[in-house]
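Note sheet for the following structure.
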Amino acid sequence: MRRNPWIGAAAVALLLGALPVLAADPEGPAQSATAGLDQTTLVQALQNGALSNKDARKLGLLVFSTPFNTYDGLGDGPWRSDEPDPVALGHRPTLQGNGQFLRVNGLDAQSCNECHTIVSNRTLPPTTGIAGVGGVVQNAIIMPSLIDVADTFDDRVAYQPLHDPDLVMQWDGVADYNGRFANPPFLFGGGGTELLAKEMTYDLQQLLAQAKAAPAGTVISLDTHGVNFGTVTSLGGTNVQIDNQGVDSDLVVKPFGRKGDAFTMRDFDRGAMQFHFGIQPQELFLDDPDNDKDGVENEVTIAEMSVLHIFDVNNPRPRYVPTGPSAVVGAGVFSAIGCTYCHRPFLKTTHRVVPLSYPEMKEDPTANIYYTVNLVNVGFDPDPFGPGVIVPFYSDLKRHYMGPGLEETFERAGEIPQGDFITARLWGIADTAPYLHDGRATTLYQAISMHGGEAQQARDNFMALPQFLQNALVAFLKSQRTPSHPNEDLLPIQ
Ligand code: HEC
Ligand code: HEC
Numbered sequence: 117m118r119r120n121p122w123i124g125a126a127a128v129a130l131l132l133g134a135l136p137v138l139a140a141d142p143e144g145p146a147q148s149a150t151a152g153l154d155q156t157t158l159v160q161a162l163q164n165g166a167l168s169n170k171d172a173r174k175l176g177l178l179v180f181s182t183p184f185n186t187y188d189g190l191g192d193g194p195w196r197s198d199e200p201d202p203v204a205l206g207h208r209p210t211l212q213g214n215g216q217f218l219r220v221n222g223l224d225a226q227s228c229n230e231c232h233t234i235v236s237n238r239t240l241p242p243t244t245g246i247a248g249v250g251g252v253v254q255n256a257i258i259m260p261s262l263i264d265v266a267d268t269f270d271d272r273v274a275y276q277p278l279h280d281p282d283l284v285m286q287w288d289g290v291a292d293y294n295g296r297f298a299n300p301p302f303l304f305g306g307g308g309t310e311l312l313a314k315e316m317t318y319d320l321q322q323l324l325a326q327a328k329a330a331p332a333g334t335v336i337s338l339d340t341h342g343v344n345f346g347t348v349t350s351l352g353g354t355n356v357q358i359d360n361q362g363v364d365s366d367l368v369v370k371p372f373g374r375k376g377d378a379f380t381m382r383d384f385d386r387g388a389m390q391f392h393f394g395i396q397p398q399e400l401f402l403d404d405p406d407n408d409k410d411g412v413e414n415e416v417t418i419a420e421m422s423v424l425h426i427f428d429v430n431n432p433r434p435r436y437v438p439t440g441p442s443a444v445v446g447a448g449v450f451s452a453i454g455c456t457y458c459h460r461p462f463l464k465t466t467h468r469v470v471p472l473s474y475p476e477m478k479e480d481p482t483a484n485i486y487y488t489v490n491l492v493n494v495g496f497d498p499d500p501f502g503p504g505v506i507v508p509f510y511s512d513l514k515r516h517y518m519g520p521g522l523e524e525t526f527e528r529a530g531e532i533p534q535g536d537f538i539t540a541r542l543w544g545i546a547d548t549a550p551y552l553h554d555g556r557a558t559t560l561y562q563a564i565s566m567h568g569g570e571a572q573q574a575r576d577n578f579m580a581l582p583q584f585l586q587n588a589l590v591a592f593l594k595s596q597r598t599p600s601h602p603n604e605d606l607l608p609i610q
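Going from the sequence shown to the numbering used here is simple: count from 1 and add 116.
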């Protein structure tokens, strides 16, 4: 059984309560180093200083990098023929009945770091590390029931019943597909992104409350941190009409995921655990600890998700490394041709600490806070003119329509339109090829040229530039580097 060498013996005793009884297999649960952590003890240890921020990050890194095994609950439980939705999490079939993996709808890995692996793709060989991006081979293939690999247009007959929206099947070189195909982004700087989203959500909810209390006909503009998310109009009583733009109608800013559908990193992680590993977070199944019926209860505990969240938001932020005079010109061009309409060079927070909550209430980021992380210690610059920090991520945290060329054909798309994506954060972009949500662009030039929809004009402006200015803009993007040794201060882990 693994121990935790970095936290003193007293802290180990404090944190590791009764360890689960090991099965006969001598290998046992790989998660054993964090098993037994319970949320109350964790919070006490964080608050009384028995567990430092760094110790908590180490525990979180263990959760992030541990290859989960069968004893941890890896895999969905037995396939159930009575389930109405066989593609849904918790009881997916496995490929050729291998009993563990499916790959084409998750059940595709054992550890988080298996996909978040590459710190720089610009070096030879690529620099691997902790919490980075993935190449296309690490893409997630999400919920397809159809992949027409040979472009055999008549296959639709077999799959017709599930098609909504129906795919236009033609013999045209398009391998039709009704899932999502997503390229892994990095986790760097995630704390700054999460704090901004929480502050924005807080403001939007306040504006919504104001509209509910205002006389009929009052129109309130949904502005926060210099970004507009539409309007809300009072209809009298507490009725309102919400004209939401770039955000869901719940007015909760969701910065994570290429589509912008997760409101915190922890929110994303809950889905990732289930989707990739078939590991069920205790917090989602409080009344049914072995929901997937694979014989393992509480597969990842509340406290393990908490230390993972602490690890997430402590990820160092990407760096600006000037590449010469051309890049300075390029920054000006980037702004002049309209890229900054979406890719805002920086947004400012109004706090320096990001609050972490359990349970999380998406409309109220101030509820149930158990810990805070100071972003200045993570490398964010304090705002010289205000109380917060500067988050130089080149985004507005809004979703935008990117044109027909980038539209997905996801049969199970919910409220988010097929062609809408969250404005990609461009910090670190020099090191993170390939680009765009599915990694289809192998160069920065290509990524820009594939912009359409709301970005059509800015894209056309770029294409019309003389080549030396295009090169300058790309040189500017190439000054946006990933952190050089992310999370290596936590190593060796054992
Ligand atoms: C099979 C590869 C794969 C594995 C394994 C994986 N991820 Fe990811 N990760 C992705 C992809 C792909 C995305 C983008 C998903 C999307 O756009 O919906 C992503 C996105 C994320 C994001 C959002 C980042 C952002 O800025 O939008 C976080 C956080 C994250 N992953 C954490 C994790 C954690 C924690 C685990 C382990 C529990 C994990 N991932 C396992 C591929 C993977
Ligand atoms: C209307 C908003 C908008 C405008 C204007 C815009 N972009 Fe984007 N940009 C996006 C969105 C949204 C994405 C993510 C698209 C995707 O994932 O498929 C993106 C992605 C990118 C990427 C790839 C990021 C990655 O990590 O994959 C680059 C590079 C980029 N934009 C550069 C630019 C440049 C340069 C301009 C100006 C010519 C520009 N963008 C204008 C919204 C915009």
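Don't be surprised by glycine CBs; every beta carbon is placed ideally from N, CA and C.
Computed from a predicted structure; not experimentally measured.
Give me, in chain order, the residues of the same chain whose beta-carbon lies closer than 6 Å to that of proline 371; leave out the 5 immediate sequence neighbours on both sides.
For the purposes of this step, residue 371 is taken as residue 255 along the sequence shown, with counting starting at 1. Answer for proline 371: Thr309, Ala313, Leu513, listed in chain order.
CB contact below 9 Å: alanine 483 versus chain B
You won't find chain B in this structure, because it holds only one protein chain.
Tell me whether glycine 454, by its Cβ, gets closer than 8 Å to a heavy atom of ligand 4.
With respect to small molecules bound, the structure shown includes ligand 1 and ligand 2 and not ligand 4.
N- and C-terminal bounds of the alpha helix (DSSP H) containing aspartate 359
As a first step, residue 359 must be located in the sequence shown, where it is residue number 243. Run containing aspartate 359: none in the alpha helix (DSSP H); it sits in the beta strand (DSSP E), 355-360.
Same chain, Cβ closer than 8 Å to asparagine 255, five either side skipped, listed in chain order:
Along the sequence shown, one-based indexing puts residue 255 at 139. Phe297, Ala298, Asn299, Pro300, Asp554, Gly555.
Residue span of the alpha helix (DSSP H) that contains valine 348, given as start and end
On the sequence shown, residue 348 is found 232 positions in, with the first residue counted as 1. That residue, valine 348, is in no alpha helix (DSSP H); its beta strand (DSSP E) goes 343-352.
With a threshold of 7 Å on Cβ separation, who are the neighbours of glutamate 415 within its own chain once the five nearest residues in sequence on each side are excluded?
For this step, residue 415 is matched to residue 299 along the sequence shown. Taken in chain order, the residues that qualify are Asp188, Gly189, Ile395, Gln396.
Are at least three pairs of beta-carbons, each pair with one atom in the stretch 162-177 and one in the stretch 203-221, less than 8 Å apart?
no
Which same chain residues, not among the five before or five after tyrosine 510, have their C-beta less than 7 Å away from its C-beta?
Against the sequence shown, residue 510 aligns to sequence position 394. His459, Arg460, Pro461, Arg541, Leu542, Trp543, listed in sequence order.
If we count Cβ pairs, one from each stretch, closer than 8 Å, do we get three or more for the stretch 471-479 versus the stretch 523-537?
no
Mind checking whether serine 227 and phenylalanine 302 have CB atoms under 9 Å apart?
Walking along the sequence shown from the start, residue 227 turns up at place 111. Walking along the sequence shown from the start, residue 302 turns up at place 186. Cβ atoms of serine 227 and phenylalanine 302: not closer than 9 Å.
Sequence-distant residues of the same chain with beta carbon closer than 6 Å to aspartate 224, five excluded per side:
What you label residue 224 is simply residue 108 of the sequence shown in a count that begins at 1. Contacts found: His392.
Taking 8 Å as the cut-off, is the beta-carbon of serine 374 closer than that to any non-hydrogen atom of ligand 2?
Start at 1 with the first residue of the sequence shown, and residue 374 comes out as number 258. The sequence given here has arginine at residue 374, not serine. Under cutoff, so the answer is yes.
May I ask whether a heavy atom of ligand 2 can be found less than 8 Å away from the beta carbon of threonine 539?
Within the sequence shown, residue 539 is the residue found at index 423, counting from 1. For ligand 2, at least one heavy atom lies less than 8 Å from the Cβ of threonine 539.
Residue environment, threonine 317, which counts as buried when at least 16 other CB atoms sit within 10 Å:
For the purposes of this step, residue 317 is identified with residue 201 of the sequence shown, where counting begins at 1. It counts as buried.
Threonine 210: which of Pro200, Gly191, Asn360 sits nearest, CA to CA?
Translated into positions along the sequence shown, residue 210 becomes position 94. It is Gly191.
Could you please give the first and the last residue of the uninterrupted beta strand (DSSP E) stretch that includes valine 470?
By 1-based counting over the sequence shown, the position of residue 470 is 354. Run containing valine 470: 469-473, per the beta strand (DSSP E) assignment.
Helix, strand or coil for asparagine 587 per DSSP?
Along the sequence shown, read from residue 1 onward, the residue named residue 587 stands at position 471. Correct three-state label for asparagine 587: helix.
Measuring alpha carbon to alpha carbon, tell me which of Arg597, Ala327, Asp198 ends up nearest tyrosine 436.
The sequence position of residue 436 within the sequence shown is 320, counting from 1. Checked all of Arg597, Ala327, Asp198; the closest Cα to tyrosine 436 is Arg597.
Selection from Asn169, Pro508, Thr186, Gln155 that minimises the alpha carbon distance to glutamate 413:
On the sequence shown, residue 413 is found 297 positions in, with the first residue counted as 1. Nearest option by C-alpha distance: Thr186.
Every unbroken alpha helix (DSSP H) inside the stretch 433-470 [4 residues or more]
441-452
Output the distance between the C-alpha atoms of arginine 515 and phenylalanine 537, rounded to the nearest integer angstrom.
Translated into the one-based positions of the sequence shown, residue 515 becomes position 399. Translated into the one-based positions of the sequence shown, residue 537 becomes position 421. When rounded, the distance between both Cα atoms is 5 Å.
Between the CA atoms of serine 337 and asparagine 344 - distance to the nearest angstrom
As a working note, residue 344 is residue 228 in the sequence shown. As a working note, residue 337 is residue 221 in the sequence shown. So the two alpha carbons sit approximately 7 Å from each other.
Can you give the Cα-Cα distance for alanine 332 and glycine 411, rounded to whole angstroms?
Counted from its first residue, the sequence shown places residue 332 at position 216. Counted from its first residue, the sequence shown places residue 411 at position 295. Cα to Cα, alanine 332 sits roughly 56 Å from glycine 411.
Euclidean distance between Cα positions of isoleucine 506 and proline 434:
Numbered from 1 along the sequence shown, position 390 holds the residue referred to as residue 506. Numbered from 1 along the sequence shown, position 318 holds the residue referred to as residue 434. Cα to Cα, isoleucine 506 sits roughly 13 Å from proline 434.
Aspartate 428 and methionine 389 look like a contact to me (Cβ under 8 Å); what is the Cβ gap, rounded to whole Å?
As a first step, residue 428 is located in the sequence shown; it is residue number 312 there, counting from the start. As a first step, residue 389 is located in the sequence shown; it is residue number 273 there, counting from the start. Not a contact, Cβ separation roughly 13 Å.
I'd like the list of long-range same chain contacts for histidine 467, defined as Cβ closer than 6 Å, with 5 residues on each side in sequence excluded.
Counting from one through the sequence shown, the residue named residue 467 turns up at place 351. Correct list, in chain order: Gly504.
Is leucine 338 helix, strand or coil by DSSP?
Against the sequence shown, residue 338 aligns to sequence position 222. The answer is strand: DSSP assigns leucine 338 an E or B state.
Tell me the DSSP bridge mates of glycine 222?
In the sequence shown, residue 222 corresponds to position 106, counting from 1. DSSP lists Arg219, Val220 as partners of glycine 222.
Going straight from the alpha carbon of leucine 348 to that of proline 200, what length do you get?
The sequence position of residue 348 within the sequence shown is 232, counting from 1. The sequence position of residue 200 within the sequence shown is 84, counting from 1. According to the sequence shown, residue 348 is valine rather than leucine. The straight-line gap from Cα to Cα measures roughly 38 Å.
Tyrosine 561: first and last residue of the uninterrupted alpha helix (DSSP H) it sits in:
Residue 561 sits at position 445 when you count from the first residue of the sequence shown. Element bounds for tyrosine 561: 560-565.
Could you pull the start and end residues of the beta strand (DSSP E) that threonine 488 belongs to?
Mapped onto the sequence shown, residue 488 falls at position 372. First-last of the beta strand (DSSP E) with threonine 488: 485-490.
Cβ neighbour criterion (16 or more within 10 Å) applied to valine 611:
In this structure the chain extends from 117 to 610, so residue 611 is not present and cannot be described.
N- and C-terminal bounds of the alpha helix (DSSP H) containing histidine 425
Numbered from its first residue, the sequence shown carries residue 425 at position 309. Its alpha helix (DSSP H) spans residues 418-429.
Taking DSSP as the reference, what is the three-state secondary structure of threonine 156?
Translated into positions along the sequence shown, residue 156 becomes position 40. Helix, per DSSP.
Does DSSP put serine 595 in a helix, a strand or coil?
The residue labelled residue 595 in the question sits at position 479 within the sequence shown. Correct three-state label for serine 595: coil.
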